[in-house]
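Residue numbers (this note's numbering), protein chains in the order written: chain A, 1 to 185; chain B, 1 to 179. Beta carbons: idealized from backbone N, C-alpha and C, even for Gly. Everything numeric in this text was worked out from a predicted model, so none of it was measured.
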Amino acid sequence: MADQVASNPKLIEACLLWDKITRELQEDFGAPRLNLSDLRPRDSAIYSDRDYAPLACRIDGDKAEVTVGSSPGHATHILLDRGNIRYYDTDRAVNEIMKDLLEEEVNVKCTVLEGGVDCEGLKSKVGEPQRGYLPQLKALFRVLTMPTSMDLRQEFCREIVGNTEEYCVKREKDLFQQIKKTYPE
Amino acid sequence: MAELPLEDVMKTTFKTFKERELLFRDLEEMGREKAYERDTIPKSDKVFLEKIMASSRIMRDELRELNLKKEARLPNYVSMVAEYAAPVADHCEGANIPRKDCVITPQNQGVLWSLIEDVNTLSLELIKRKCTFLWGEVEPYNLSSLLNDVTACYHRGLEFYSDNVGKWQKEGKCSWRIK
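Here's what the structure looks like:
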């Protein structure tokens, strides 16, 4: 790994976890690993093919740019040097869910803005040469498996008569808890 | 059995970044030589342009994989210019017309003409200067001039490729800079 000093190794490790989770959720709809019977109102996948195809994570030094969907600009910027996360999305409902997940799971302080969510509080572990705290970064990348097709999942959920907004939001959080349990590392 | 597209053959034969970069540089050199030989019948220029098209698509795809979408547009446009230039070369070879007399005008090659214009617009946006040298500068504009310009723009795309792709490592959907 000596030739990888140009990019933060903790970001790389966390990114590879995100890649593994998204790939497995896409390949087998998550079905063999997750109990989704109560989470999928229709026989729909967690991600649409259209949203999964453009996913990409690009790490340069202490910065990462994660493309999380197919809409232009649907991305997340992670700036480790500033301890900052910027999630870009125009869907208000998704932004609210992402704010909650980021605050609860990544332990950062977030604000919902017009075009996304802005968070502060990425840490570094004292005594380690590289920026970043690996468990927190893994938690962040685990959360970043969620926004892909979240708007579609929300739409499907809300179309069903009797499903309240609160219920559909809770479903997303339940889905995340299953992902967290299935992919601790 | 259906023949594999040329870019797939290239990808299979030239697997590593280094091998591909060498191949692309050889093609660039070949382009310069062809453009220089103005009095020659454009023998195998069509095949050459198809190779430029295929290799530009490889550069485009690898740049896109690194999320360098803007940079990827240059080889993408070069591949389109080469695609539209190949039949012109084929026609002049078949009719035994030397490169210097194989004249290209906006009237006889409207799409090709506007693609060259587009590649220059893009180049101005990316590197603040046109990537062609002869288009709009020489009269008449012929296959020799076109080969010169295609090669010059291909060179710019290759610069993006060498500067970026060789410095990045990729695994799944993650890529990271290593140099």
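Nearest C-alpha to residue 163 of chain B among B:128, B:46 and B:68: B:68. Your pair residue 142 of chain B and residue 90 of chain B does not check out as a contact, with CB atoms roughly 15 Å apart and the cut at 8 Å.
Note that the region 14-30 of chain A does not touch the region 2-11 of chain B; fewer than 3 beta-carbon pairs, one per stretch, sit closer than 8 Å. In the same chain as residue 75 of chain B, and ignoring 5 residues on each side of it, the C-beta atoms closer than 6 Å to its own belong to 56, 59, 60 and 157, in chain order.
In the DSSP assignment, residue 111 of chain A falls within the beta strand (DSSP E) that extends over 109-113. Shown here, residue 18 of chain B sits in a helix according to DSSP, grouped into three states. Taking C-beta atoms under 8 Å as the contact rule, residue 78 of chain B and residue 153 of chain B qualify, at a distance of about 5 Å. Within the region 54-129 of chain A, the complete beta strand (DSSP E) runs of at least 3 residues fall at 56-60, 63-67, 75-79, 84-88, 109-113 and 116-120. When the Cα atoms are used, residue 147 of chain B and residue 73 of chain B turn out to be separated by approximately 20 Å. Boundaries of the beta strand (DSSP E) harbouring residue 169 of chain B: 168-171, taken from the DSSP string. Annotated three-state conformation of residue 15 of chain A is helix, per DSSP. Shortest Cα-Cα distance from residue 133 of chain A to any of A:107, A:144, A:93 and A:167 involves A:107. Distance check between residue 136 of chain B and each of B:104, B:155, B:45 and B:33 places B:104 closest, using alpha-carbon atoms only.
Look at the region 94-171 of chain B and you find these whole runs of alpha helix (DSSP H), each 4 residues long or longer: 110-127 and 143-164.
By the Cβ-count criterion, residue 18 of chain B is exposed, with fewer than 16 other Cβ atoms from all chains shown falling within 10 Å of its own Cβ.
With contacts defined as CB atoms closer than 8 Å, residue 127 of chain B and residue 81 of chain B fail to qualify as a contacting pair. Between residue 62 of chain A and residue 131 of chain A, the beta carbon gap of about 5 Å places them in contact (Cβ cut-off 8 Å). For residue 16 of chain A, at least one C-beta of chain B is nearer than 8 Å to its own C-beta. DSSP places residue 177 of chain B in the strand class (E or B) of the three-state scheme. The residues 97, in chain order, have a CB closer than 7 Å to that of residue 169 of chain A in the same chain once the five nearest residues on each side in sequence are set aside. When 7 Å is used as the limit between beta carbons, residue 96 of chain B is near no residue of chain A, the shortest such separation being about 47 Å. For the pair of segments examined, the region 109-121 of chain A was found to touch the region 82-90 of chain A: the number of CB pairs separated by less than 8 Å reaches three. Annotation for residue 93 of chain B: 41, 42, 43, 45 and 46 place their beta carbon closer than 7 Å to its own, counting only its chain and skipping 5 residues before and after. Cβ contact annotation for residue 146 of chain A (same chain, cutoff 8 Å, sequence separation greater than five): 97, 98, 101, 172, 175, 176 and 179, in chain order. Within the DSSP bridge table, the entry for residue 7 of chain A names A:61 as partners.
Residue 77 of chain A and residue 55 of chain A have their alpha carbons spaced roughly 14 Å apart.
Leaving aside the five residues that flank residue 24 of chain B on each side, the residues in its chain whose CB is nearer than 6 Å to its CB run, in chain order, 55 and 158.
Contact of residue 110 of chain A with chain B is not assigned, every C-beta pair being separated by 8 Å or more. A direct Cα-to-Cα measurement between residue 67 of chain A and residue 159 of chain A gives close to 27 Å.
Put simply, the CB of residue 172 of chain B is near chain A, with a gap under 8 Å to one of its CB atoms.
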